[in-house]
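Notes to accompany the following structure.
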Amino acid sequence: GAAPDWIVAYASQTGNAEQLARQTARTLDLAGVGVRACALSELDAAALQRAERVLFIVSTYGEGDAPDNGAAFSARVMGAGLPPPQLPRLHYAVLALGDRGYGQFCGFGRALDAWLASQGAAALFERIEVDRGAEGAIDLWRQQLSHLAGTSDAPDWNAPAFGHWRLAARRLINPGSAGAPLYHIEFEPLDGALPRWESGDLVQVAAPAGGLPGAAADDASRPREYSIASIPADGRVHLLVRLHRHADGGAGLASGWLTGGAEIGAPVSLRLRQHRRFRLEDNAARPLILIGNGSGMAGLRGHLKARAAAGGKRNWLIFGERHASHDYHYREDIERWRAQGVLPALDMVFSRDQPERLYVQDRLLERAADVRRWIEEGAALYVCGSLNGMAGAVDLALRQVLGAAVVEALAAEGRYRRDVY
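All you need for our numbering is the position in the sequence shown, starting with 1, plus 3.
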């Protein structure tokens, strides 16, 4: 068929940019405009040179980097040393998502905008930057879109309202640990109806402003996202929350309130959020290699619960913490899954239980032949935990073990997924 009039390209880590891209495409589609939405990694230089109108909706990851499904485009198309595809026909716009709490606010969106302009492409309107999902900026994007599409009835995109829940249970799971306190926390809906979610999804918690003495005031308006550590069959939303302390010793607003400030039974404003980039989806029937550290056990536990419920047997958990005696989170669950055959391969890597420090990336290198064999047999990789340190080191180790081209192909196929923060 004919090429679509418009392309909406997204680079999304947690799913916000992808969701906005699909809403953008739907708005154009309803206005009778031919449109397709795709991940930025699906666009190459030739596709851009053919295109006339592209809307880019991109988030920034860490300190100014492209999200996983934009990294290939950043390297291959925008990368230094490539012959630039001159783009004199292209008209474009950029919606850049970011968080002013990071140094490189909207860093990737700004870099993409500058690169497009340098290739001779013409901006349809000025880049719009969104700080932590600010609705005013998204409304401005909708207005511009309505103007471009010649329609005034763009559907409302506002996020769903927070639901009413109660804090049902809380326990410290790492007493005596050298690390910061880590709590298992459970919530149940006040209206009794448990909403549906899938393993890999997130929850947003809005802590009450002023809920904690000494908490930073600028934290108040910002809901915190946590990986869900349970499945609907558990009857409750489980989270694994580490108490965060600021440099001045004050507790983080949300973590301080959830781990101690709120009493058991307290009402909590909470909403579930689909995290398509970390769901099992097409990988549900594949072997899984689950890699993580610290509170990243939450997202991995959700997947292991889903696998156990579905009878999935080929799972390999590679998990890092400090000491086996204090930091073996959910040991009973893990031992039960071992006994049931859900976890035929298990590597718990405790960095401080031997003279030399060992981490999950070291175990990946040690077990390189097994990693390659699992990938050859169709396995998918899921990484959950620290962005700084673990995620980068694991990515580097995977590139050493499998080769950069294989790692990039796995990411493009959806067989390498990350929930790192």
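For each residue, glycine too, the CB sits at the ideal point set by N, CA and C.
Report, in whole angstroms, the separation of the C-beta atoms of residue i and residue j, which I expect to be a contact under 8 Å.
i	j	result
Val208	Pro226	6 Å
Leu390	Leu413	Leu390 to Leu413, Cβ: 19 Å. No contact.
Ala311	Trp340	6 Å
Ala396	Gln364	4 Å
Val386	Ser298	Contact flag wrong, Cβ pair sits at about 13 Å.
Gly182	Asp330	7 Å
Ser233	His306	That belief does not hold up - the Cβ atoms of Ser233 and His306 are roughly 11 Å apart, past 8 Å.
Asp134	Gly101	6 Å
Gly344	Lys308	Incorrect: roughly 15 Å between the Cβ atoms, too far for contact.
CA-CA distance, residue i and residue j?
i	j	result
Phe322	Glu335	15 Å
Met351	Ala407	26 Å
Gln122	Leu51	11 Å
Gln290	Gly381	The residue you asked about is not Gln; residue 290 is Pro in the sequence shown. Each residue's Cα considered, the two are about 7 Å apart.
Val409	Arg276	30 Å
Thr17	Ala394	15 Å
Gln107	Gly65	8 Å
Pro91	Arg376	47 Å
Pro163	Leu127	30 Å
Ala152	Ala114	26 Å
Leu273	Arg53	44 Å
Val61	Gly82	17 Å
Leu175	Asp285	35 Å
Leu31	Ile378	39 Å
Asn72	Leu283	16 Å
Tyr229	Ala49	39 Å
Pro138	Tyr186	It is Glu, not Pro, that sits at residue 138 in the sequence shown. Their backbone Cα atoms lie some 32 Å apart in a straight line.
Leu405	Ala327	29 Å
Asp42	Leu303	Just to set this straight, residue 42 is Ala in the shown sequence, not Asp. Cα to Cα, Ala42 sits roughly 25 Å from Leu303.
Leu143	Leu205	27 Å
Ala269	Ile188	12 Å
Tyr419	Met300	17 Å
Ile267	Arg173	7 Å
Leu242	Tyr424	15 Å
Might you give, ordered along the chain, the residues of its own chain that have their beta carbon closer than 7 Å to the beta carbon of residue i, omitting 5 neighbours on each side?
i	result
Ser354	Gly323, Arg325, Arg360, Leu361 and Tyr362
Gly84	In this predicted model, Gly84 has a pLDDT of only 49, less than 50, meaning its place in the structure is not dependable enough to derive any value.
Glu411	Ala75
Arg402	Val410
Need the endpoints of the beta strand (DSSP E) that residue i sits in, please.
i	result
Ile267	From DSSP, Ile267 is part of no beta strand (DSSP E); its letter is neither H nor E.
Ser258	Per DSSP, Ser258 belongs to no beta strand (DSSP E); it is in the alpha helix (DSSP H), Leu256 to Gly259.
Gly323	Asn318 to Glu324
Glu416	Unbroken run through Glu416 is the alpha helix (DSSP H), Ala407 to Glu416; no beta strand (DSSP E).
Gly388	Ala383 to Gly388
Arg227	Arg227 to Ser230
Leu58	Arg56 to Ser62
Gly166	Gly166 to Leu175
Ala196	Run containing Ala196: none; DSSP gives neither H nor E here.
Ile131	Ile131 to Asp134
Tyr419	Tyr419 to Val423
Ala250	Looking at the DSSP string, Ala250 is not in any beta strand (DSSP E), and its letter there is neither H nor E.
Check for me: the alpha helix (DSSP H) holding residue i runs from which residue to which?
i	result
Gln277	Unbroken run through Gln277: none, as it is neither H nor E.
Asn286	It is not in any alpha helix (DSSP H) - Asn286 carries neither H nor E in the DSSP assignment.
Trp144	Glu138 to Ala152
Ser185	Reading off the sequence shown, one finds Leu at residue 185, where the question assumed Ser. No alpha helix (DSSP H) holds Leu185; the beta strand (DSSP E) holding it covers Leu185 to Pro192.
His332	From DSSP, His332 is part of no alpha helix (DSSP H); its letter is neither H nor E.
His306	Met300 to Ala313
Ala49	Ala48 to Arg53
Arg79	Asp71 to Arg79
For residue i, I'd like the list of residues in its chain whose CB is within less than 6 Å of its CB, leaving aside the five on either flank, ordered along the chain.
i	result
Gly255	His247
Asp116	Val97 and Arg130
Arg56	Trp9 and His94
Ala40	Val11, Ala24, Arg25 and Ala28
Glu21	Tyr13 and Ser15
Ala124	Leu90, Leu93 and Tyr95
Arg279	Gly18
Ala265	Leu170
Ala400	Gln364, Leu367 and Leu368
Trp319	Ile292 and Ala348
Enumerate in chain order the residues of its own chain whose CB-to-CB distance from residue i is below 8 Å, with the five nearest sequence positions on each side excluded.
i	result
Glu191	Trp168, Arg169, Ala171, Leu197, Gly238, Arg239 and Val240
**Item:** Segments of 3+ residues assigned as beta strand (DSSP E) that fall wholly inside the stretch 85–122
**Value:** 94–101
**Asked** At which residue ranges does the stretch 12–42 contain complete alpha helix (DSSP H) runs of 4 or more residues, listed in the order of the chain?
**Response** 19–33
**Message:** Which complete beta strand (DSSP E) runs does the stretch 335–377 hold, if anything under 3 residues is left out?
**Reply:** Counting whole runs of 3 or more residues, the stretch 335–377 contains the beta strand (DSSP E) stretches 348–353.
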